[in-house]
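For reference, the structure discussed in these notes is given below.
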Amino acid sequence: MTTTAQPAMPHEVTYLEAISEALDEEMARDERVFLMGEDIGPYGGAFRITEGFQKKYGEWRVLDTPLSESGFVGAAIGAAMMGMRPVVEMQFADFISCAFDQITEVAAKNHYRWGAVVPMVIRAPFGGGVHGGPFHSECPEGWFFHSPGLKLVAPSTPYDAKGLLKAAIRDPNPVIYFEHKFLYRRLKAVLPTEDYIVPIGKAEVKRVGRDVSVITYGAMVHLALEAADLLAKEGIDLEVVDLRTLIPIDKDTIFESVRKTSKAIMLHEDNKTGGIGAEIAALLAEECFDCLDGPILRIAAPDTPVPFSTPLEEFFLPKVGDVVAAARKLAAY
Amino acid sequence: MTTTAQPAMPHEVTYLEAISEALDEEMARDERVFLMGEDIGPYGGAFRITEGFQKKYGEWRVLDTPLSESGFVGAAIGAAMMGMRPVVEMQFADFISCAFDQITEVAAKNHYRWGAVVPMVIRAPFGGGVHGGPFHSECPEGWFFHSPGLKLVAPSTPYDAKGLLKAAIRDPNPVIYFEHKFLYRRLKAVLPTEDYIVPIGKAEVKRVGRDVSVITYGAMVHLALEAADLLAKEGIDLEVVDLRTLIPIDKDTIFESVRKTSKAIMLHEDNKTGGIGAEIAALLAEECFDCLDGPILRIAAPDTPVPFSTPLEEFFLPKVGDVVAAARKLAAY
Amino acid sequence: MDVAEMVNDIKRADLLQMYYYLRLTRTLEDRITALYRQGRIMGGVYTSNGMEAIAVGYASALERDDIIAPYHRDMGAFLIRGITPGEVIAQYLGKRTCPTKGKDGNVHMGDLKRGVIGFVSHLADNLPVATGAALAFKIRGESRVVVTNTGDGGTSRGDFHEALNFAAVRKLPVVFFCNNNQYAYSTPLHLQMAIRDVVERAKAYGMPGEIVDGNDMAAVYMAAQRAIRRARAGEGPTFIECKTMRMHGHSEHDSAKYVPSELLEEWKKRDPILKAEQLLTRLGYADEIVFREVGERVKKEVEAGLEFAEQSPLPKGPEALEGVFATDDEVKP
Amino acid sequence: MDVAEMVNDIKRADLLQMYYYLRLTRTLEDRITALYRQGRIMGGVYTSNGMEAIAVGYASALERDDIIAPYHRDMGAFLIRGITPGEVIAQYLGKRTCPTKGKDGNVHMGDLKRGVIGFVSHLADNLPVATGAALAFKIRGESRVVVTNTGDGGTSRGDFHEALNFAAVRKLPVVFFCNNNQYAYSTPLHLQMAIRDVVERAKAYGMPGEIVDGNDMAAVYMAAQRAIRRARAGEGPTFIECKTMRMHGHSEHDSAKYVPSELLEEWKKRDPILKAEQLLTRLGYADEIVFREVGERVKKEVEAGLEFAEQSPLPKGPEALEGVFATDDEVKP
Ligand SMILES: Cc1ncc(C[n+]2csc(CCOP(=O)(O)OP(=O)(O)O)c2C)c(N)n1
Ligand SMILES: Cc1ncc(C[n+]2csc(CCOP(=O)(O)OP(=O)(O)O)c2C)c(N)n1
Ligand SMILES: [Mg+2]
Ligand SMILES: [Mg+2]
């Protein structure tokens, strides 16, 4: 799909197309924005998000790189410091491990250390459920959750995908943008015609409920919403908080929800130990302890790599039933 | 200092010497054990832990590597799979970011994926308080807390330093051994003459107390013990749990302590957000909720890189007063 | 050096066996491709179509105790090391009878008992690992050798550099093959590196390098033999660039429109199986009848393999939890 | 090419200015070393003693709008870009008036307004960054150039490889200097690489390379000029190996016993200041009187700098919390 810079009328797009539109519109709006990555040029990227972009913006704004994640992330940092707005694509989020050092030691710390502004975005297609196995399904957000200086976002809808990517590109800091591969072509929505952003740092209550708060992000938002529908039938009213931004954490929205429901479930696809759910649970146990009326439950993948074979991966990924069971337990608490 | 393979009589050693002894004794005991790292040969390593080793064990068991953390960690993985027991030294833990990909993607996952056994140890001199600034003071344990397949240990005393390093070397899995630079020459203890290990996976109550549990590791154990002395004078009886092993987590010891005290403080030198304290707090909030009689407090470094200048670093690091204040608050809860 | 003459030194049986493996590879991968098109395979399918001679050539030159660390276009090497067509298909189908028991997919097969280090998606990650395996042999004074392979794209990664440098400094018994098939996914060689021959890279390490016709199994075999002999004699590593062409898309979902069709036509004429048949005919070692027999034999073997794989059980969900850590009984104490 | 003749093309004023910077560097670093020995400096002290001509030479060849990404033995380059001796000492003392406001120490100074990219401890990390800065210039069609430097040890890291490769493929306006002082900490060149001249590395990237006498400021300057001219003309990157010798320990706490004393004696005769004085005398541009005057001038400047630094305030503790994230007003919208 080749997008024009500003869509003329309301139109339905997939999550993937929303990402593509955000890139296209930002490139048209701001000539400092340019793209780097493997196979993003004539090929349009492994997921075809930049298809047609090189024709439209030229070889120097849609740059195929050698196979070297550390090298091109480092290059993005340098270009960003010179006033550009690079957006780099990891072919799969999993390969971000190769650029870990540049991200955590250089990009994250430059502003703190000597005031250099590093406005750049790393797009990281992440997550399982796509038969990718241990190296094409990872949720690496936990690795970066712990490196002051980075912002992390993870949209769950086409609307948020577009708005958060635009916000990330306009942000003066390094932002890792986790886009969930499972959602690419599974979600569609009609987006506004006018330019909009989804502000970084704001969670959103995706479903208002009274009884139990599920705090989640990415593909798991939809699992939570499904569970909410099932639970509604038995009179349990789930509130679904979509973090959208992982760092900085929107404590206000989370706390407000849990103050209302007194019950909290952390839900993520990432491994349980050391996941983002742990931090949110810890924040609640520290700052909202008195409002809690039951244990803080966590639903997450077990502490293993993502297995390949279908029965293994199905077992590994959190399921609607897990959310239902946890909510029932808390509701009865 | 050149150690002999088995010390002949009880003797006092520093934390640093304890590490050195463990390496020496394991090398003497098991010829599969060998060392790799930068400047560990004739020079004896940046902290002189392997001084005299190359003379004793030869150039091929005490190997100076090129300046390439990813390369020599990868090499350790290969050698381990061929039946060796490599121990690699990071000159400073901070540089482990350069080997992140090898550790998380190769070392951590090989056994799960195809049954390959990777018995290796990465020694990582970590922590602040040594005027090292943002690149020589880091606590990188949080990054690896989230990679199933790795074990992480962090001793706080000479006894544990020796025993845990021996256990790590004998373990059939990749183990990251976080040795705290601040403790190197500040602690001394008389160690047993006979061979011993400190089992991986076992926390230790370093001070038995009744009122509040402080759960901590590394250099912060001593901060907690200091706070305990102060608090004892005002009748607050602190229990200090030293995790010693960060992964796998010894839930039994932690839970037992908090079941007794009903009050818990997480204390670490690492940045607060996404630190190990978050996971322990989350475990408590999930599995020990009913025994909690107050919020779970966290004392940790703020979410910034480690600053260089003394007043900044002092501000940054957790202080005895922080523990005292938190314990008072909980005791009065 | 006249390849045509030297070929007389290769035993007839060896050449015939290589031919057999070329055919087995082709037939097996074609079958897997067909299964993929029928939607019976989850995940990606990467084949060595048109490049079979490289893996077949190098793996044929090894002794039983040697080790390979293959990459994703080395099917022939897996087969020669004894991984059966049935296991390969089982791996693609995620069955419990494959080398990873369903934990990992496609060409990520590893089995140390058969001397195969499992492939890691992250390209070039296994080069330091291969170097480390060679280091173990060197330390123990064994005369074993490691052969590894990478694509042209993989040579751009830092781990390539760190591995080759370390291997050269320590004169380790490892041979680095490079499959230069002129593309890395959609990225042509000139956007990957500013040199025409990948072998130029070897100079940076003071490592001998040579170029061979990657479509000529005998040429690859002889080059491998020379390099392996050097390695075994303690003379250190060698870099061997195999010129070839990727004849399919990067993976089976890629139509590879970015490859000029003339290029494919030209290389079609140099098909490694065709070349092998011409050689065998010229040497009088085999004729059309033999070729047909081999064709029938491999077809039967592949069909038998398919049957084995299809009848193999899938793993059960909870097996996903197994094997994160190795246990003591898996290693000698 | 006769260096001795070409030197006539360099303006007298330029040579005298370089000489001044050699002296300023030496005097400043000697002063810092003395402060270190008095225990007045926390953290490490890394000097360019005996290697001053490299940074002075390359930085003198640049235009105002060009950018440098220096490494830890490039004091002369910092000074030439306008960082004052006072700021340098303030940085070592952790004062608020230094380029990092006390957040970082020693040579980790960065200031984009003066065209200096801040050094990162992790060696070679700034090479991809320098490449990226050059990429920004190329994309925008500016004629600016980036010069960066690395030690011989730093060339072993993967980021070196990825940076040089990318720069060469895209013909970016960046010049890669290498300070080959024959050691990386205690590791001699032959354990770092299996080549005698680091410049061999350039061949792997199809990049022109040359060797210069790193102790000859004029030779370095002219080589830099040639490479910068090429870069500015769009002809791509150059690699320049400067042969030199580290005359002190790795840092001031290292007595460097591992360096043969004959080597030091030999290189002492080639001291860059001595060489510069011989040159200036031979050309009739200066004499003993001038040398003495310059010596007095730099001494005064350094003492004034020390006074400035000592009188500068330390940062206040809570400033540790500032600057993790950049704010919108720091960038153009
Ligand atoms: C570190 C890393 N980055 C990106 C990828 C995605 N990827 C898989 S194969 C491939 C191209 C590989 O090209 P090459 O090394 O030439 O091997 P070929 O497939 O051509 O044989 C890419 C980019 C990867 N596997 N690893
Ligand atoms: C990635 C990384 N590993 C280790 C170190 C520790 N270290 C600091 S300087 C140094 C030696 C550097 O040698 P070289 O690159 O030759 O520079 P020189 O100091 O000789 O100028 C080492 C190992 C580091 N800074 N970064
Ligand atoms: Mg290729
Ligand atoms: Mg050096």
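In order, the protein sequences belong to chains A, B, C and D.
Using the numbering used here, the letters of the first sequence correspond one by one to residues 1 to 333.
Using the numbering used here, the letters of the second sequence correspond one by one to residues 334 to 666.
Using the numbering used here, the letters of the third sequence correspond one by one to residues 667 to 999.
Using the numbering used here, the letters of the fourth sequence correspond one by one to residues 1000 to 1332.
C-beta atoms are modelled at their ideal positions from N, C-alpha and C, and glycine is treated no differently.
Just so we're clear, the structure is a prediction, and the values are computed from it rather than from any experiment.
Output yes or no for whether 7 Å exceeds the beta carbon distance between residue i and residue j.
i                      : j                      : result
residue 1249 (chain D) : residue 105 (chain A)  : no
residue 1155 (chain D) : residue 400 (chain B)  : yes
residue 1066 (chain D) : residue 1241 (chain D) : no
residue 757 (chain C)  : residue 741 (chain C)  : no
residue 499 (chain B)  : residue 530 (chain B)  : yes
residue 1208 (chain D) : residue 1238 (chain D) : yes
residue 322 (chain A)  : residue 296 (chain A)  : no
residue 489 (chain B)  : residue 542 (chain B)  : no
residue 1171 (chain D) : residue 1137 (chain D) : yes
residue 308 (chain A)  : residue 133 (chain A)  : yes
residue 1051 (chain D) : residue 1025 (chain D) : yes
residue 96 (chain A)   : residue 140 (chain A)  : yes
residue 537 (chain B)  : residue 575 (chain B)  : yes
residue 148 (chain A)  : residue 1323 (chain D) : yes
residue 1008 (chain C) : residue 938 (chain C)  : Absent from the model: residue 1008 (chain C). The displayed extent of chain C is 667 to 999, so no value can be given.
residue 1101 (chain D) : residue 645 (chain B)  : yes
residue 1129 (chain D) : residue 1149 (chain D) : no
residue 301 (chain A)  : residue 611 (chain B)  : no
residue 600 (chain B)  : residue 547 (chain B)  : yes
residue 1211 (chain D) : residue 1173 (chain D) : no
residue 82 (chain A)   : residue 1132 (chain D) : yes
Going along the chain, which residues of its own chain have a beta-carbon closer than 6 Å to the beta-carbon of residue i, five neighbours each way excluded?
i                      : result
residue 1142 (chain D) : 1231
residue 1000 (chain D) : Here residue 1000 (chain D) scores only 47 on pLDDT, less than 50, and its place in the model is too uncertain to base an answer on.
residue 394 (chain B)  : 367
residue 606 (chain B)  : 636
residue 77 (chain A)   : 106, 107 and 118
residue 44 (chain A)   : 50 and 51
residue 335 (chain B)  : Residue placement at residue 335 (chain B) is poorly supported in this model, since its pLDDT is 41, which falls under 50; the coordinates are not used for a value here.
I'd like the list of long-range same chain contacts for residue i, defined as Cβ closer than 7 Å, with 5 residues on each side in sequence excluded.
i                      : result
residue 251 (chain A)  : 283
residue 171 (chain A)  : 119, 151 and 200
residue 828 (chain C)  : 794
residue 738 (chain C)  : 712, 773 and 785
residue 660 (chain B)  : 545, 560, 564, 569, 571 and 598
residue 1096 (chain D) : 1086, 1089 and 1311
Give the DSSP bridge partners of residue i, in chain order.
i                     : result
residue 566 (chain B) : Beta-bridge pairing links residue 566 (chain B) to no other residue.
residue 311 (chain A) : According to DSSP, which records beta bridges pairwise, residue 311 (chain A) is partnered with nothing at all.
residue 266 (chain A) : A:215 and A:298
residue 180 (chain A) : A:126
residue 369 (chain B) : B:396 and B:421
residue 875 (chain C) : C:905
Might you give, ordered along the chain, the residues of its own chain that have their beta carbon closer than 8 Å to the beta carbon of residue i, omitting 5 neighbours on each side?
i                     : result
residue 342 (chain B) : 526
For the stretch 452–471 of chain B against the stretch 506–519 of chain B, are there 3 or more C-beta pairs whose distance is under 8 Å? Yes: the two stretches touch, three or more of their Cβ pairs being nearer than 8 Å.
What are the uninterrupted segments assigned as beta strand (DSSP E) that are 3 or more residues long and contained completely in the stretch 706–779 of chain C, given in chain order? 733–735
Taking the runs of the beta strand (DSSP E) that are 3 residues or longer, which of them lie wholly in the stretch 670–708 of chain C? none
Extract the residue ranges of the alpha helix (DSSP H) inside the stretch 877–956 of chain C, only unbroken runs of 4 or more that lie entirely within it. 883–898, 927–934 and 938–949
Do the stretch 1075–1087 of chain D and the stretch 44–59 of chain A make contact, defined as three or more Cβ pairs closer than 8 Å? no
Complete runs of the beta strand (DSSP E) confined to the stretch 774–826 of chain C [at least 3 residues]: Listed in chain order, the complete beta strand (DSSP E) runs (minimum 3 residues) inside the stretch 774–826 of chain C are 812–817.
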